[in-house]
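Asks: This structure is in structure tokens; I'll ask about it shortly.
Number of protein chains: 4
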Amino acid sequence: MTFSRDTAGVYAIAPTPFHPDGAVDYPSLDRLIDFYGEVGVDGLTVLGQLGEAPKLDQSEALEIATRVIKRASFPIVVGVSSPGFAAMRSLSDAVMDLGAAGVMIAPPNTLRTDDQIVGYYAGATDAIGKDTPFVLQDYPLTFTVQMSNSVIARIANDNPGCLMLKHEDWPGLEKITALRALEADGAMPRLSILTGNGGLFLDFEMERGADGAMTGYCFPDMLVEVVQLSREGDRDAAHDLFDAHLPLIRYEQQPGAGLAVRKYVLQQRGILDSDAQRKPAGSLSGAARREVDYLVRRLASKDGRARIA
Amino acid sequence: MTFSRDTAGVYAIAPTPFHPDGAVDYPSLDRLIDFYGEVGVDGLTVLGQLGEAPKLDQSEALEIATRVIKRASFPIVVGVSSPGFAAMRSLSDAVMDLGAAGVMIAPPNTLRTDDQIVGYYAGATDAIGKDTPFVLQDYPLTFTVQMSNSVIARIANDNPGCLMLKHEDWPGLEKITALRALEADGAMPRLSILTGNGGLFLDFEMERGADGAMTGYCFPDMLVEVVQLSREGDRDAAHDLFDAHLPLIRYEQQPGAGLAVRKYVLQQRGILDSDAQRKPAGSLSGAARREVDYLVRRLASKDGRARIA
Amino acid sequence: MTFSRDTAGVYAIAPTPFHPDGAVDYPSLDRLIDFYGEVGVDGLTVLGQLGEAPKLDQSEALEIATRVIKRASFPIVVGVSSPGFAAMRSLSDAVMDLGAAGVMIAPPNTLRTDDQIVGYYAGATDAIGKDTPFVLQDYPLTFTVQMSNSVIARIANDNPGCLMLKHEDWPGLEKITALRALEADGAMPRLSILTGNGGLFLDFEMERGADGAMTGYCFPDMLVEVVQLSREGDRDAAHDLFDAHLPLIRYEQQPGAGLAVRKYVLQQRGILDSDAQRKPAGSLSGAARREVDYLVRRLASKDGRARIA
Amino acid sequence: MTFSRDTAGVYAIAPTPFHPDGAVDYPSLDRLIDFYGEVGVDGLTVLGQLGEAPKLDQSEALEIATRVIKRASFPIVVGVSSPGFAAMRSLSDAVMDLGAAGVMIAPPNTLRTDDQIVGYYAGATDAIGKDTPFVLQDYPLTFTVQMSNSVIARIANDNPGCLMLKHEDWPGLEKITALRALEADGAMPRLSILTGNGGLFLDFEMERGADGAMTGYCFPDMLVEVVQLSREGDRDAAHDLFDAHLPLIRYEQQPGAGLAVRKYVLQQRGILDSDAQRKPAGSLSGAARREVDYLVRRLASKDGRARIA
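Put into structure tokens, the structure is as follows:
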């Protein structure tokens with residue numbers, strides 16, 4: 003199971019389930035994987051930023067990756083971002099041996115100039131091996147690294163393993179249009195573009211040329227359906243479904259707070275036993291929980307999948 | 003005409019209209035002021051970040067403030083943020099003499115520690131005079147200055163002119179709750195809290211204790227109505243109206259791109275002659291204009307005010 | 003009086019003298035200009051960051067520039083950095099009419115990608131006119147904008163008025179070598195490279211290919227002599243003189259505190275009446291003044307110009 | 003072997019020796035430890051930022067710590083900074099069991115407000131245990147976290163294990179004075195203050211109240227002697243020795259480039275077999291090596307320890 007430059011659909015971003023005491027909750031992880039299969043995702047990404055990867059130690063990271071790869075019936079991408087190339091290489095080698103479809107690499111937040119960014123990904127390719135498929139994560143809001151279109155083109159040209167872009171620049175619609183134009187001009191090879199940002203612009207991102215979504219919204223079933231409707235050209239239907247979810251998408255996309263919302267809803271949906279995060283952790287106040295409950299109830303009147311209380 | 007610690011309602015943020023050649027467009031400015039009066043705003047803020055204030059020279063800034071203060075029948079707040087206190091003092095003195103209700107002060111993006119922020123506002127009060135009412139602008143995404151609740155309390159305690167908070171932290175719902183609790187405990191004087199961020203969380207901000215909105219969304223009429231419904235306790239109606247606008251609010255709130263959307267819609271509504279920005283400027287691609295048109299058309303089916311094509 | 007791509011020597015950065023009440027101190031300014039003439043600088047830059055330019059209003063800035071240009075017998079560069087191109091154009095036009103040799107432009111701290119930086123300087127050239135000579139200021143520590151060698155080459159190629167680089171990247175020695183190599187390869191036109199950073203690396207910067215210094219160290223006479231010795235190939239003598247000053251250079255180069263040291267020593271040298279800064283201002287504690295006195299006394303045993311107490 | 007609130011002297015920061023192929027060079031590490039013992043350091047810190055700790059995997063980090071603790075006859079501090087508390091706890095527990103004197107904790111670069119910083123160190127104490135001695139690292143230039151004096155006081159008050167401050171704010175002299183005043187007022191418990199920043203201000207830091215240095219300058223023997231002279235009150239002698247080294251200190255303190263200089267000189271001194279860094283790595287150009295050689299030769303005429311060619 004692998005991905006390619008033409009991969010389309012939804013790759014969910016999996017949170018890492020924890021028990022309230024901070025231990026990894028493997029039964030919940032199993033349920034989560036099965037749930038993603040049932041709702042029809044095309045792939046899954048684990049150990050990303052919202053998977054709380056930096057809070058895991060190496061043995062935990064590897065155990066989680068192993069478990070997910072074994073259980074899932076779809077391709078698994080594993081986040082291997084690391085301050086040093088030695089740790090990146092060892093984690094990447096290990097998960098590729100286990101059967102991962104590829105890895106995802108975010109830039110360290112010290113990079114500034116175009117040359118620094120391009121140079122970093124050359125080093126990363128050196129570390130993971132040039133045949134290992136990787137996802138380039140472009141997420142300036144969190145990583146403070148801004149990749150221009152020409153930098154993405156240079157990275158795609160220089161590194162044969164760069165097959166997919168996790169697009170979460172903000173604003174980012176023009177970027178999709180510009181990258182597709184660069185591809186059409188032969189200035190860069192095609193990339194599969196899956197969009198993030200919690201899905202906040204998925205409706206228009208699809209229309210600009212994205213292939214799908216790679217994000218962790220707590221109703222991945224909606225993502226799957228919006229992507230499908232959009233790919234079939236049913237514009238109004240895609241927007242209708244998307245708009246019904248937008249109040250909750252917007253609420254979940256708050257920086258820092260978002261993961262707590264996501265885990266809380268997945269708990270309400272019966273998939274996670276707990277919404278606990280490992281420390282240092284965000285959490286949801288009582289008022290925030292009631293707001294999420296209210297949003298889910300309002301959503302339920304438009305989308306039956308939200309009837310979860 | 004002034005504002006107080008108890009001011010409630012909507013203070014619109016006015017964009018500055020320009021002709022395509024970069025000159026200030028005063029006839030459009032007049033129409034804009036009249037428009038805000040007609041839709042029932044409670045006040046207006048000019049020369050803020052989204053009013054392109056840093057691109058004006060001092061004489062232009064003063065001329066715009068003069069014109070708006072003379073024409074409007076509601077209180078005017080004037081942005082006087084400046085790297086140095088000398089320029090802040092001269093602009094503040096001038097607009098207060100002209101009849102402004104008060105001024106708004108954003109923190110320079112070099113401030114980091116609590117003491118630095120508190121010290122800066124002490125200097126600002128020195129500059130504008132301790133009896134001049136001012137709005138404290140808390141907008142970390144743009145200014146990169148993070149004010150904790152206790153910093154806001156210290157500023158409110160130290161500076162008698164600090165009457166209002168332009169709240170646009172993100173996430174920011176818990177901040178409203180916390181500030182209202184500090185007030186209830188007597189730890190700080192009451193502030194009028196008007197929220198910004200393009201209105202993206204106005205629905206819940208009102209429920210958390212905000213007094214209203216201070217933002218520039220291109221349908222200020224909606225802001226006025228949502229604030230009113232929420233203050234009357236008509237929760238579902240407030241959310242229904244808000245949710246109808248959310249797809250466009252979300253689109254308009256994109257950093258950098260947002261002002262172009264706002265000016266474009268105000269032009270479509272017949273208020274501005276041009277959606278031009280002064281350089282360095284953002285602009286809207288053809289694809290983006292068509293997306294905005296589509297969003298407005300969809301909105302029109304739910305809110306008649308959007309039937310503007 | 004003008005400068006060119008081949009200009010060599012020392013352009014001092016002038017502080018702006020203030021009275022303790024914050025008013026501009028013009029008699030001290032006159033003395034300062036005369037002093038720079040006496041020590042043999044080749045030019046002078048006013049209204050830069052360390053000239054407290056952002057704290058002046060436009061009329062003050064213009065008055066200072068006028069006074070300096072009229073009085074000086076050497077070329078004057080005027081800082082015209084501004085958030086908007088309108089203010090940049092009006093100040094640049096005014097000072098060029100008055101007889102300035104050129105202007106200096108620092109990048110706004112919102113720029114990140116190579117294309118953003120290059121685009122900004124294209125806009126600046128539009129604003130000041132393509133025949134106006136300008137100095138490109140590359141100072142990442144203060145402006146947080148990192149210009150790679152290729153970005154500087156693009157700016158130099160695109161903008162015929164870009165004749166000089168104020169080099170203050172840190173570390174920056176390799177950058178000088180790389181830029182000279184790009185020039186030798188024909189990849190960019192020659193720039194006059196004058197170095198800043200308070201002179202902290204002037205000894206080696208000269209050896210790497212710099213043409214001189216543009217900085218505000220409180221003994222510009224030393225800068226003049228070190229540059230001359232270095233250009234004459236008297237390496238050890240240049241280092242000996244430089245090393246004698248290094249303890250004080252290092253002390254003066256502290257971010258934020260440095261300007262206070264500089265003004266204090268210039269006051270001790272009898273040039274400024276006061277070491278006051280305009281608010282928001284740094285200042286020197288009693289302990290710090292005693293440390294500077296100690297450093298100057300130690301310096302005096304090696305360089306007679308420092309016998310100023 | 004441990005440290006306390008009254009510890010004085012020099013704690014060297016050890017680089018991690020690598021072979022050119024990136025493997026840890028243990029024989030060089032052994033020589034390095036012995037060298038520190040011979041020059042009379044009072045302690046040693048390993049696995050800090052300049053020890054390239056983020057580029058090691060957990061097993062390597064542990065092996066290095068084990069080796070150093072076993073071999074050294076002085077207290078060892080181990081850097082345990084980590085994005086998550088789980089990894090911090092496991093490394094801290096392991097090295098304390100092995101006999102480390104304590105750990106060092108730098109703040110993650112996402113912290114901004116005073117409360118966030120204070121809260122983070124509360125979490126860290128939870129993770130490492132309240133009886134584990136720790137060094138608070140205050141290094142804004144690298145970590146972008148600015149700790150005001152009151153924040154340091156709060157951390158020292160809240161966390162009984164916080165015994166020592168690695169002071170490398172810049173400028174930082176007033177901070178030492180202010181912290182000692184807070185201690186004298188009873189507003190915070192005494193901290194051992196050892197200064198960093200490559201030693202660039204060690205001369206005056208000692209006079210302001212620092213207890214010594216914790217830094218990695220390539221002549222730790224000089225640090226030991228300057229600290230001793232300063233503690234004995236021999237001011238001029240301390241400055242004379244310091245000033246002789248300042249040209250090289252200044253050169254070594256360049257961000258990014260500094261570690262390459264340090265390793266190169268330690269190699270020239272016969273302690274390291276190679277000056278290799280692990281990727282992503284800086285390196286020294288031929289021109290830079292020649293500059294360092296020149297500086298060392300000039301130093302050798304004043305300090306015999308520098309006769310190493």
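Chains as they are written, first to last, in this note's numbering: chain A, 3 to 311; chain B, 3 to 311; chain C, 3 to 311; chain D, 3 to 311.
All residues carry an ideal CB built from backbone N, CA and C; glycine is no exception.
For PRO110/B and TYR122/C, I'd like the C-alpha separation in whole angstroms.
Replies: Roughly 21 angstroms separates the two Cα atoms.
Asks: Considering only residues of the same chain and omitting the five flanking positions on each side of ARG252/C, which have a CB-CB separation below 7 angstroms?
Replies: Within the same chain, ARG252/C has close Cβ partners LEU202.
Asks: Specify, as a first and last residue, the run of the alpha helix (DSSP H) that ASP117/A falls within.
Replies: Its alpha helix (DSSP H) spans residues 116-130.
Asks: Taking contact to mean 3 or more Cβ pairs, one atom from each stretch, closer than 8 angstroms, check whether the segment 67-85 of chain D and the segment 98-105 of chain D are in contact.
Replies: With the cut-off at 8 angstroms, the segment 67-85 of chain D and the segment 98-105 of chain D touch.
Asks: Would you say HIS169/A and GLY211/A are within 8 angstroms of each other, going by their C-beta atoms?
Replies: No, the pair does not count as a contact, with Cβ atoms beyond the cut-off.
Asks: Hey, how far is the Cα of LEU268/B from the Cα of LEU93/A?
Replies: Taking the straight line from one Cα to the other gives about 53 angstroms.
Asks: Buried or exposed, going by whether 16 or more other CB atoms sit within 10 Å of the CB of THR2/D?
Replies: Past the edges of chain D, shown from 3 to 311, lies residue 2/D, and the structure says nothing about it.
Asks: With a cut-off of 8 angstroms, does the C-beta of ARG300/B fall near any C-beta of chain D?
Replies: So no, ARG300/B is outside the interface.
Asks: Would DSSP call SER30/D helix, strand or coil?
Replies: Reduced to three states, the DSSP call for SER30/D is helix.
Asks: Just curious, the beta strand (DSSP E) that ILE15/D is in, first and last residue?
Replies: Its beta strand (DSSP E) spans residues 11-15.
Asks: Compare the C-beta of ARG280/B against all C-beta atoms of chain A and say whether one is closer than 8 angstroms.
Replies: No, ARG280/B lies away from the interface with chain A (no Cβ there is under 8 angstroms from its Cβ).
Asks: Would SER92/C count as contacting chain B if we go by Cβ distances under 8 angstroms?
Replies: Yes, SER92/C counts as interfacial toward chain B.
Asks: Going by DSSP, name the residue or residues bridged to MET166/C.
Replies: MET166/C is bridged to VAL137/C and SER194/C.
Asks: With the cut-off set at 8 angstroms, would you say LYS177/C and ASN151/C are in Cβ contact?
Replies: Closer than 8 angstroms, so yes.
Asks: Beta-carbon of ASP238/C versus every beta-carbon of chain A: anything under 8 angstroms?
Replies: So, not an interface residue.
Asks: VAL46/C by DSSP, collapsed to three states: which one?
Replies: Residue identity check: residue 46/C is Leu in the sequence provided, not Val. The answer is strand: DSSP assigns LEU46/C an E or B state.
Asks: Between which two residues does the beta strand (DSSP E) harbouring VAL82/C extend?
Replies: Careful: VAL82/C lies outside any beta strand (DSSP E) and carries neither H nor E.
Asks: Counting pairs of beta carbons, one from the segment 272-286 of chain A and one from the segment 253-263 of chain A, are three or more of them closer than 8 angstroms?
Replies: Contact holds: three or more Cβ-Cβ distances are below 8 angstroms.
Asks: Helix, strand or coil: how does DSSP classify GLY214/C here?
Replies: Here GLY214/C sits in strand by DSSP.
Asks: Taking only beta-carbon atoms, is HIS241/C less than 8 angstroms away from chain D?
Replies: Taking Cβ atoms only, chain D reaches closer than 8 angstroms to HIS241/C, which makes this a yes.
Asks: Alpha carbon to alpha carbon, what distance is there between THR18/A and LEU31/A?
Replies: If I take the Cα positions, the gap works out to 7 angstroms.
Asks: Along the chain, where does the beta strand (DSSP E) that runs through GLY104/D open and close?
Replies: Per DSSP, GLY104/D belongs to the beta strand (DSSP E) from 104-107.
Asks: State the start and end residues of the unbroken alpha helix (DSSP H) segment that holds PHE203/C.
Replies: Taken as a continuous stretch (DSSP letters only), PHE203/C belongs to no alpha helix (DSSP H), as it is neither H nor E.
Asks: With a threshold of 8 angstroms on Cβ separation, who are the neighbours of ALA96/C within its own chain once the five nearest residues in sequence on each side are excluded?
Replies: The answer, listed in chain order, is LEU64 and ALA67.
Asks: Between GLN148/C, ALA215/C and ILE157/C, which has its C-alpha nearest ALA189/C's C-alpha?
Replies: With distances taken between Cα atoms, ALA189/C lies closest to ILE157/C.
Asks: Could you please give me the residues that DSSP links to PHE37/C through a beta bridge?
Replies: In the DSSP output, where bridge partners are listed per residue, PHE37/C has none listed.
Asks: Distance cutoff 8 angstroms, beta carbons only. Does ASP116/D sit that close to anything in chain B?
Replies: Chain B contact via Cβ: present.
Asks: Does the segment 43-51 of chain D come close enough to the segment 3-17 of chain D to have 3 or more Cβ pairs within less than 8 angstroms?
Replies: Yes, the segment 43-51 of chain D touches the segment 3-17 of chain D.
Asks: Following the continuous alpha helix (DSSP H) through ILE154/C, name the residue where it begins and the one where it ends.
Replies: Start and end: 151-160.
Asks: When the Cα of LYS57/A is compared with those of TYR28/A, GLY24/A, PHE37/A and ALA239/A, which residue comes out closest?
Replies: Of the listed residues, the one whose Cα sits closest to LYS57/A is GLY24/A.
Asks: Could you say which of ASN161/B, ALA126/B and ARG33/B lies nearest to PRO191/B if we only look at CA atoms?
Replies: Of ASN161/B, ALA126/B and ARG33/B, the residue nearest in Cα terms is ASN161/B.
Asks: Would you kindly check if the distance between the Cβ of VAL153/A and the Cβ of ILE119/A is under 8 angstroms?
Replies: Contact: yes.
Asks: Check whether the Cβ of GLU254/A lies closer than 7 angstroms to any heavy atom of the ligand ZN, and answer yes or no.
Replies: What this structure holds is no ligand at all, so the ligand ZN is not there to describe.
Asks: Does the beta-carbon of ASP187/C have 16 or more other beta-carbons within 10 angstroms, so that it is buried, or is it exposed?
Replies: Label assigned to ASP187/C: exposed.
Asks: Indicate the three-state DSSP secondary structure (helix, strand or coil) for PHE244/D in the structure shown.
Replies: Helix at PHE244/D.
Asks: Could you tell me whether the Cβ atoms of ALA108/A and SER83/A are closer together than 8 angstroms?
Replies: Yes, Cβ-Cβ distance for ALA108/A and SER83/A is below 8 angstroms.
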